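Okay, structure first, notes after.
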Amino acid sequence: MMSKQLKLGFVGLGIMGTPMAGHLIDAGHEVFINTRSKVPEGLASSSAVQCSSPQEVASKADIIFTMVPDTPDVEKVLFGDNGIASGLTKGKVVVDMSSISPISTKEFAKKINALGCDYLDAPVSGGELGAKNATLSIMVGGDEGVFEKVKPVFELMGKNINLVGGNGDGQTAKVANQIIVALNIEAVAEALLFASKAGADPAKVRQALMGGFASSKILEVHGERMVKRTFDPGFRIELHQKDLNLALNSARALGVSLPNTATAQELFNSCAAHGGKAWDHSAMVRALEKLANFEIGQKA
4 MMSKQLKLGF VGLGIMGTPM AGHLIDAGHE VFINTRSKVP EGLASSSAVQ
54 CSSPQEVASK ADIIFTMVPD TPDVEKVLFG DNGIASGLTK GKVVVDMSSI
104 SPISTKEFAK KINALGCDYL DAPVSGGELG AKNATLSIMV GGDEGVFEKV
154 KPVFELMGKN INLVGGNGDG QTAKVANQII VALNIEAVAE ALLFASKAGA
204 DPAKVRQALM GGFASSKILE VHGERMVKRT FDPGFRIELH QKDLNLALNS
254 ARALGVSLPN TATAQELFNS CAAHGGKAWD HSAMVRALEK LANFEIGQKA
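Read in order, the letters of the sequence shown correspond to residues 4 to 303 in our numbering.
Set out below in structure tokens:
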């Protein structure tokens, strides 16, 4: 536990935000919370103070964290009616841990800075499991002094915490992360589908590959999901689609070709077209299975 109790705010209590806020509460800090849906039972019965709006959170906390789905959601939480900006006073810190547009992030930071407050973009990787276990990777963009001030709080939620650069650079790192994750999911899906169609036991193939150079967190976690066909989200396909849209739109503006990222997005699009927007992103394998007219684990 940190020696000094802080006044912390947390806006957005979904799959990721709930356990993240929980770690701040467990560390003994005074935590003010707000979410657009019902406050999860575990937090509702905790010491956290429920607030009626993001504005109220900002008026009571010194460091305010946000964790919401997309760029428009962050903009609304920050600058909409009863938003965080309207509750800020000079010297406070806003930390957005959502995964959103790097370009919009820079604009949001300028607006918050103009109010005499600091802004960090700090998207995360590690999924629901990482959020629950406080092992998230946190990619931060912003002023180094502000980063050092907030770092002890980040350490309550994650293990691999890095200041990447200025505002927007944390989000750029997250977009790069999502490219790598999507392509790894595609590679694992193709490999296990190939092995299964060839007549091999996909579970045993996965286990064998875990001991070699092909081993990865994606093979470990999502490979198991594919074999067991458990696609309840950790991380929803629609959110990964959003992240790859950021990647492809940014790449177009930069004149960079991302052909494999585009292919991964098309596979996610196929899943979404078949009612899978809310499936876990490991369910990308279902799009490949439709192309092969064969499911992993099916008898060849």
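Glycine is no exception: its CB is placed at the ideal position from the N, C-alpha and C atoms. If you're wondering where the values come from, they're calculated on a predicted model, not measured in any experiment.
- Should Thr92 go down as buried or exposed, given a rule of 16 or more other Cβ atoms within 10 Å for buried? In the sequence shown, residue 92 corresponds to position 89, counting from 1. Classification of Thr92: exposed, given that the 10 Å Cβ count is below 16.
- Task: Evaluate Leu16 with the Cβ neighbour count: other Cβ atoms within 10 Å of its Cβ, from every protein chain shown; 16 or more gives buried, anything less gives exposed.
- Result: Within the sequence shown, residue 16 is the residue found at index 13, counting from 1. So Leu16 counts as buried.
- Message: Tell me the DSSP secondary structure of Ile103 in three-state form.
- Response: Counting from 1 along the sequence shown, the entry for residue 103 is found at position 100. The answer is coil: DSSP assigns Ile103 none of H, G, I, E or B.
- Quick one: what does DSSP say Gln53 is sitting in, helix, strand or coil? Here residue 53 corresponds to residue number 50 of the sequence shown, with the count starting at 1. Strand, per DSSP.
- Message: In whole angstroms, give me the CA-to-CA distance for Cys54 and Val60.
- Response: Taking the first residue of the sequence shown as 1, we reach residue 54 at position 51. Taking the first residue of the sequence shown as 1, we reach residue 60 at position 57. The alpha-carbon atoms of Cys54 and Val60 are separated by roughly 6 Å.
- Item | Own chain, CB closer than 7 Å to Gly168, minus 5 neighbours either side, in chain order | Here residue 168 refers to the residue found at position 165 when the sequence shown is read from its first residue. If the five residues before and after Gly168 are omitted, its C-beta is found closer than 7 Å to the C-beta atoms of Gly144, all from its own chain and listed in chain order.
- For the alpha helix (DSSP H) holding Thr264, just list the boundary residues, first then last. Residue mapping note: residue 264 aligns to position 261 of the sequence shown, counting from 1. That run of the alpha helix (DSSP H) goes Pro262 to Ala276.
- Paired residues, beta bridge with Glu33 - DSSP: By 1-based counting over the sequence shown, the position of residue 33 is 30. Bridge partners of Glu33: Lys10.
- Query: With which residues is Arg209 paired in a DSSP beta bridge?
  - Reply: The sequence position of residue 209 within the sequence shown is 206, counting from 1. Partner(s): none; Arg209 has no beta bridge.
- If we ignore side chains and look at the alpha-carbon of each, how far apart do Val308 and Thr233 end up? In the structure displayed, the chain extends from 4 to 303; residue 308 sits before or after that span and is not available.
- Residues of its chain near Ile115, where Cβ-Cβ distance is below 6 Å and the 5 sequence neighbours each way are ignored: Within the sequence shown, residue 115 is the residue found at index 112, counting from 1. Same-chain partners within the cutoff: Val97 and Tyr122.
- Could you tell me whether the segment 238-257 touches the segment 212-220, where touching means 3 or more Cβ pairs closer than 8 Å? With a cut-off of 8 Å on Cβ pairs, the segment 238-257 is not in contact with the segment 212-220, counting fewer than three such pairs.
- Task: With a 10 Å radius around its C-beta and 16 neighbouring C-beta atoms as the bar for buried, classify Ile183 as buried or exposed.
- Result: In the sequence shown, counting from the first residue as 1, residue 183 sits at position 180. Residue burial is scored here from C-beta neighbours: Ile183 has fewer than 16 other C-beta atoms within 10 angstroms and is therefore classed as exposed.
- Query: Taking the continuous alpha helix (DSSP H) assigned at Asp76, which residues delimit it?
  - Reply: Here residue 76 is taken as the residue at index 73 of the sequence shown, counted from 1. Segment Thr74 to Phe82, the alpha helix (DSSP H) holding Asp76.
- Query: Three or more beta-carbon pairs under 8 Å between the segment 253-270 and the segment 182-198, yes or no?
  - Reply: Touching, per the Cβ criterion.
- Message: I need the DSSP call for Arg228, collapsed to helix, strand or coil.
- Response: In the sequence shown, counting from the first residue as 1, residue 228 sits at position 225. In this structure, Arg228 counts as helix in the three-state DSSP scheme.
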